[in-house]
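Report on the structure given below.
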Amino acid sequence: MDTYAKRFSTRPGGFTRIIPIGNRLGDHAPMAVIEILNTEEPESEVSFSYLVRSLATMQLKEETKIVNKALAPAPAEDSVYADKRSFKKALDEHRSKEKFALKIKKAMKNASLSADQLQEIVDRDMDRAKVLHDKETGKSVHRFAKDTWPENTPALE
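Okay, so the sequence shown: first residue is 1 according to the working numbering, each after it adds one.
Quick look at the structure:
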């Protein structure tokens, strides 16, 4: 108990995080991961690793450094919207990007990281995924994902 008291002495609240992970097969009971936050090692937190994985995936798709781009989402200014539906879709997409940027900023603040430090972590995760992919080409996507992120394998459909 003293370990936790020391760790959270400066934190006003929010010592745990509950992450819903879906329903259990069979009886369909809701399940969740209950995590005690670790401010000294942010990379060990489940939500932080999900965030890094999301950024690494985005970086792999766009083939460019992603952290600064994700922190400052900009709407496409030269876009012409044919109707209200396409405008609403673009607006929703931009709001989603802004929400993701706030999530990144909050994670950086909680972990006391700069954008460059977070980019280094994303680069390491991306390089790890690339090495495993090159090494394991021929394995199924499910197996590759499990080997890449054994601590929190994404649900693939």
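Even glycine gets a Cβ: it sits at the ideal position worked out from N, Cα and C. Bear in mind the structure is a predicted one, so any value in this text is a computation, not a measurement.
Through-space distance from residue j to residue i, alpha-carbon basis
i	j	result
isoleucine 36	tyrosine 50	16 Å
arginine 11	serine 112	14 Å
leucine 25	serine 54	26 Å
glutamate 157	glutamate 63	Only weak support exists for where glutamate 157 lies, its pLDDT of 46 falling under 50; the value from the coordinates is given anyway. So the two alpha carbons sit approximately 25 Å from each other.
Spatially closest choice to residue i from the options, by CA coordinates
i	options	result
arginine 95	Pro30, Arg7, Pro73	Pro73
methionine 108	Ala5, Gly22, Leu71	Leu71
valine 122	Val80, Ser86, Ala111, Val52	Val52
lysine 103	Ala129, Arg128, Val67	Val67
glutamine 119	Leu132, Thr3, Lys65, Asp92	Lys65
Nonlocal neighbours in the same chain, by C-beta distance under 8 Å from residue i, ignoring five residues either side
i	result
methionine 126	Ala56, Gln59, Leu60
serine 47	Arg17, Ile19, Glu35, Ala107
tyrosine 81	Phe87, Ala90
serine 114	Met108
alanine 101	Ala70, Leu71, Ala72, Pro73
Close Cβ partners of residue i (< 7 Å) along its chain, the five nearest in sequence each way excluded
i	result
glutamine 117	none
phenylalanine 15	Phe8, Ile36, Leu37
alanine 29	Asn23
glycine 13	none
Own chain partners of residue i with C-beta closer than 6 Å, once the 5 adjacent residues on each side are dropped
i	result
isoleucine 18	Ala32, Ile34
tyrosine 5	Note that residue 5 corresponds to alanine in the displayed sequence, not to tyrosine. Within the same chain, alanine 5 has no close Cβ partners at all.
Range of the contiguous beta strand (DSSP E) that encloses residue i
i	result
alanine 29	Alanine 29 -> no beta strand (DSSP E), and no H or E assigned at all.
arginine 17	16 to 23
* **Length-filtered (4 minimum) alpha helix (DSSP H) runs lying within the region 39 to 124** => 46 to 62, 67 to 71, 84 to 111
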